[in-house]
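These protein sequences, in sequence, are chains A and B.
Position 175 of the first sequence, counting from 1, maps to 175 under the UniProt record's numbering, and the rest follow consecutively.
Position 27 of the second sequence, counting from 1, maps to 27 under the UniProt record's numbering, and the rest follow consecutively.
Even for Gly, the Cβ is constructed at its ideal location relative to N, Cα and C.
Everything below concerns the one structure shown next.
Protein chains: 2
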Amino acid sequence: MKKKITMKEIARELDVSISTVSKALNNSPEISQDTIDKVQAFAKFYNYKPNNIALSLKNKKTKNIAVIIPEIVHHFFTLIISGIEQKANELGYNVIVCLSNESFAKEVINLETMASGSIDGFLLSLSKETMAKKDFHHLREVINQGMPLVMFDRVSDEIYCDKVIIDDARASYNTVKHLIYSGCQRIALLTTPDYVSVGKLRTLGYKNALKDEGIEIDENLIVRVETVEELDGKVKSLFDTEKFDAVFGVNELYAVVAMREAHSRGLIIPQEMSFVGFSDGILSKYAYPSLTTVVQHGFEMGQKAAKMLIDRLESDHTDDSYKMEVIKTSILQRESTKPV
Amino acid sequence: MKKKITMKEIARELDVSISTVSKALNNSPEISQDTIDKVQAFAKFYNYKPNNIALSLKNKKTKNIAVIIPEIVHHFFTLIISGIEQKANELGYNVIVCLSNESFAKEVINLETMASGSIDGFLLSLSKETMAKKDFHHLREVINQGMPLVMFDRVSDEIYCDKVIIDDARASYNTVKHLIYSGCQRIALLTTPDYVSVGKLRTLGYKNALKDEGIEIDENLIVRVETVEELDGKVKSLFDTEKFDAVFGVNELYAVVAMREAHSRGLIIPQEMSFVGFSDGILSKYAYPSLTTVVQHGFEMGQKAAKMLIDRLESDHTDDSYKMEVIKTSILQRESTKPV
DNA sequence: AAGTGCAGCGAAATCGATTTAGTGTTCACA
DNA sequence: TGTGAACACTAAATCGATTTCGCTGCACTT
């Protein structure tokens with residue numbers, strides 16, 4: 001086992017001081033070319049790599065950033081992580097992933113453990129429980145300690161920090177208009193409870209679009225689903241009790257499940273019923289028929305969020321004007337809706 | 001901004017030495033109860049948290065482990081990560097995620113940057129390029145440095161280390177037998193090139209099952225797909241040129257795409273054609289009809305891998321007998337196959 | 001009164017790097 | 001011959017913790 005070599009050992013072997021080794025490796029002008037060559041050759045031969053921990057301690061920066069997400073088994077979040085990872089690596093940072101599993105307590109623990117030295121800044125998307133509780137003391141605490149925080153997707157107005165979001169209300173508005181223009185009149189909405197900020201905004205966009213098109217809002221067509229378990233049941237009862245010609249799901253799963261239900265009731269898609277989902281993922285792409293979706297550009301969102309965080313880390317002082325980036329969405333027309 | 005407080009500052013404020021503070025915080029018996037109370041009260045009031053970096057430097061352990069995977073936008077890998085994260089957190093470790101993006105170069109870079117102090121051990125699943133090149137010097141190097149490595153899913157015989165795998169050959173064998181027992185005779189196989197270890201093993205299992213059941217192997221029914229781009233074309237030409245009554249895909253995507261093709265050709269599933277995929281994910285679950293799959297228990301695999309790594313990290317010495325855990329698979333019968 | 005033991009605390013080394021403030025030698029120039 | 005700059009290098013502080021060893025003062029024994 002060829003152990004790691006340190007500067008101390010190089011210094012001892014070559015009979016110079018540690019400072020000389022350090023400077024030689026950094027090509028300092030105060031070291032003679034002879035010594036530089038000698039030290040660098042020796043270092044290369046023994047595969048010397050500086051110890052990151054020691055550097056972190058000295059420089060007070062770790063070149064690590066933490067991303068805390070509610071869940072990873074979720075295509076949108078994996079896209080975001082890919083984007084974060086790509087951008088962070090490009091800029092010389094590593095990404096530590098923490099999962100809150102939608103739990104407030106775990107979110108707090110993650111923040112606390114990470115905040116004590118392991119990382120330089122946070123990227124965070126709120127857990128459902130945190131949004132429901134509206135308790136953000138843990139976020140304020142890390143911000144107060146001077147640690148930058150960038151929130152993405154699931155954010156809160158109550159926290160002052162950089163943010164990257166989707167314009168959910170507008171995206172939803174556009175989507176519903178798209179459905180209307182394609183000939184749909186009674187559009188059912190499968191959404192989340194209102195404490196999920198994105199669900200709330202998408203619901204808002206839905207209502208506004210109907211209003212603007214002079215279509216009355218029928219609350220019976222709005223179904224709020226809290227957990228995956230109750231999804232099937234709520235969808236079935238919607239089909240049982242209401243008449244409608246389109247379904248808009250605030251995520252792809254909701255839309256796909258509704259589409260399956262329509263399938264099994266023998267409805268022809270999209271002639272008799274249209275379907276649109278939010279957040280384009282593999283489910284939408286490979287559903288049968290393939291699902292028209294709102295593309296959220298998660299990869300880009302991850303990149304932007306990472307860039308904002310690192311910009312702040314590397315800017316000299318804290319300017320206290322926080323930025324808010326809005327990622328544009330687009331509608332990807334596939335087989336589950338009629339052409340406009 | 002309430003800055004972080006250090007032991008030094010506590011010591012200065014309370015007019016004791018740093019060593020006393022350290023010992024008081026650790027409830028050392030050589031400090032009087034009075035002093036302990038005083039120090040701990042002060043520390044709590046100023047929300048003192050030890051600096052992890054300093055601890056890492058001193059203890060020569062970081063309590064971080066790195067997991068390097070080829071891709072994250074992949075349900076199986078996200079399940080594994082969830083499992084790793086859960087188990088690692090439970091045992092007091094953080095997880096640093098690195099993506100190789102199926103690239104050899106990036107895998108090497110990830111290993112090198114992580115190995116210089118940031119982490120205590122690796123969890124790794126090989127990139128396609130690495131498997132194709134069969135160049136494992138980077139793995140040998142970190143192992144030689146005394147850093148534990150656990151490989152999972154995509155592993156190599158040439159590296160001596162702990163491993164967690166699926167018994168791919170057997171799983172595939174069982175699946176094909178299942179298809180045969182359900183009445184299928186000509187089973188097409190959608191697989192990867194042989195350099196992908198899991199693809200190779202699954203192909204082997206397929207062949208053995210046919211052999212054991214006295215069915216001749218028809219190489220024309222075995223389609224090797226390298227990239228997603230060529231998937232559609234190869235599937236179409238399979239349908240154009242061959243006759244068969246079942247498709248076995250070595251991942252869920254292959255199976256679902258084939259099923260879509262069958263759909264559009266008006267075939268009735270599963271009466272006229274059956275479909276099975278490997279690695280149960282959302283695609284399988286929400287496909288129409290839902291896809292019968294081989295469940296790989298990725299979460300469990302992640303947990304096992306994390307546990308193996310941490311066990312080795314915390315065992316006193318290196319015993320050089322490496323373990324290999326095999327995760328059992330199971331067949332999840334859904335709508336795309338006939339009951340046996 | 002001198003020696004012993006212990007409670008309670010502090011000084012300093014250590015982990016592996018960087019960096020500032022010197023130190024010692026050589027050589028040029030007045 | 002003496003002075004000072006230039007050069008090449010070193011000692012030591014520093015980052016924030018832990019830990020070993022040593023020191024002080026008091027109580028108690030003999």
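So with CB distances below 8 Å, who are the chain B contacts of residue i?
{"i": "Y288/A", "result": "M259, R260, H263, A287 and Y288"}
{"i": "V97/A", "result": "I81, E85, V95, I96 and V97"}
Using a C-beta cutoff of 8 Å, does residue i count as contacting chain A?
{"i": "P50/B", "result": "yes"}
{"i": "residue 350/B", "result": "Here chain B covers residues 1 to 340 and nothing more, so residue 350/B does not appear."}
{"i": "G146/B", "result": "yes"}
{"i": "H75/B", "result": "yes"}
{"i": "V256/B", "result": "yes"}
{"i": "I166/B", "result": "no"}
{"i": "T241/B", "result": "no"}
{"i": "I72/B", "result": "yes"}
Excluding five sequence neighbours on each side, which residues of the same chain lie with their C-beta closer than 6 Å to the C-beta of residue i?
{"i": "L231/A", "result": "V225 and V257"}
{"i": "K323/A", "result": "D162"}
{"i": "R312/B", "result": "P148"}
{"i": "L79/A", "result": "G298 and F299"}
{"i": "L124/A", "result": "I68 and M151"}
{"i": "A209/B", "result": "Y173, V176 and K177"}
{"i": "I180/A", "result": "E213"}
{"i": "E335/B", "result": "P289 and S290"}
{"i": "K304/A", "result": "V164 and E325"}
Chain A partners of residue i, CB-CB under 8 Å?
{"i": "A54/B", "result": "L57 and G117"}
{"i": "T62/B", "result": "I53"}
Return the first residue and the last residue of the alpha helix (DSSP H) that residue i is part of.
{"i": "I143/B", "result": "H137 to N144"}
{"i": "K163/B", "result": "Segment D162 to I166 is the beta strand (DSSP E) holding K163/B; no alpha helix (DSSP H) there."}
{"i": "E13/B", "result": "M7 to L14"}
{"i": "G302/B", "result": "G298 to E314"}
{"i": "G83/A", "result": "H75 to E90"}
{"i": "V108/A", "result": "F104 to A115"}
{"i": "L332/B", "result": "First-last for L332/B: S330 to L332, but that is the beta strand (DSSP E), not the alpha helix (DSSP H)."}
{"i": "L267/A", "result": "Counting along the chain, L267/A falls outside any alpha helix (DSSP H), and DSSP gives it neither H nor E."}
{"i": "K128/A", "result": "K128 to K133"}
At a CB-CB cut-off below 7 Å, which residues of chain A make contact with residue i?
{"i": "L283/B", "result": "I282, L283 and Y286"}
{"i": "K4/B", "result": "Q145"}
What are the boundary residues of the beta strand (DSSP E) that includes residue i?
{"i": "F278/B", "result": "S274 to F278"}
{"i": "E325/A", "result": "M324 to I327"}
{"i": "F122/B", "result": "G121 to L124"}
{"i": "M151/A", "result": "L149 to F152"}
{"i": "I282/B", "result": "That residue, I282/B, is in no beta strand (DSSP E); its alpha helix (DSSP H) goes I282 to Y286."}
{"i": "T293/A", "result": "T292 to V295"}
{"i": "I96/B", "result": "N94 to L99"}
{"i": "A340/A", "result": "Checking the displayed sequence, the identity of residue 340/A turns out to be Val instead of Ala. No beta strand (DSSP E) contains V340/A, which DSSP labels as neither H nor E."}
{"i": "V155/B", "result": "Element bounds for V155/B: n/a, residue is neither H nor E."}
{"i": "F248/B", "result": "A246 to G249"}
Excluding the 5 residues flanking residue i on each side, which residues of the same chain have their C-beta closer than 7 Å to its C-beta?
{"i": "K8/A", "result": "I18"}
{"i": "D168/A", "result": "V198, L201, R202 and G205"}
{"i": "K128/A", "result": "P70, E102 and V196"}
{"i": "F76/B", "result": "S279, G281, Q296 and G298"}
Which chain B residues sit within Cβ distance under 9 Å of residue i?
{"i": "S327/A", "result": "The amino acid occupying residue 327/A in the given sequence is Ile; Ser does not appear at that position. Under the 9 Å cutoff, chain B gives no residues; its nearest Cβ is about 18 Å from I327/A."}
I'd like to know if residue i contacts chain B, where contact means its C-beta is closer than 8 Å to some C-beta of that chain.
{"i": "residue 341/A", "result": "Nothing can be reported for residue 341/A: it is not among the residues displayed for chain A, which extend from 1 to 340."}
{"i": "T337/A", "result": "no"}
What in chain B is Cβ-close to residue i, meaning under 7 Å?
{"i": "T78/A", "result": "I72, V73 and T78"}
Would you list, in sequence order, the uninterrupted beta strand (DSSP E) runs of no fewer than 3 residues that lie entirely inside the stretch 170-239 of chain B?
187-191 and 222-224
For a minimum of 4 consecutive residues, which ranges assigned as the alpha helix (DSSP H) are wholly contained in the stretch 20-72 of chain B?
33-45 and 52-59
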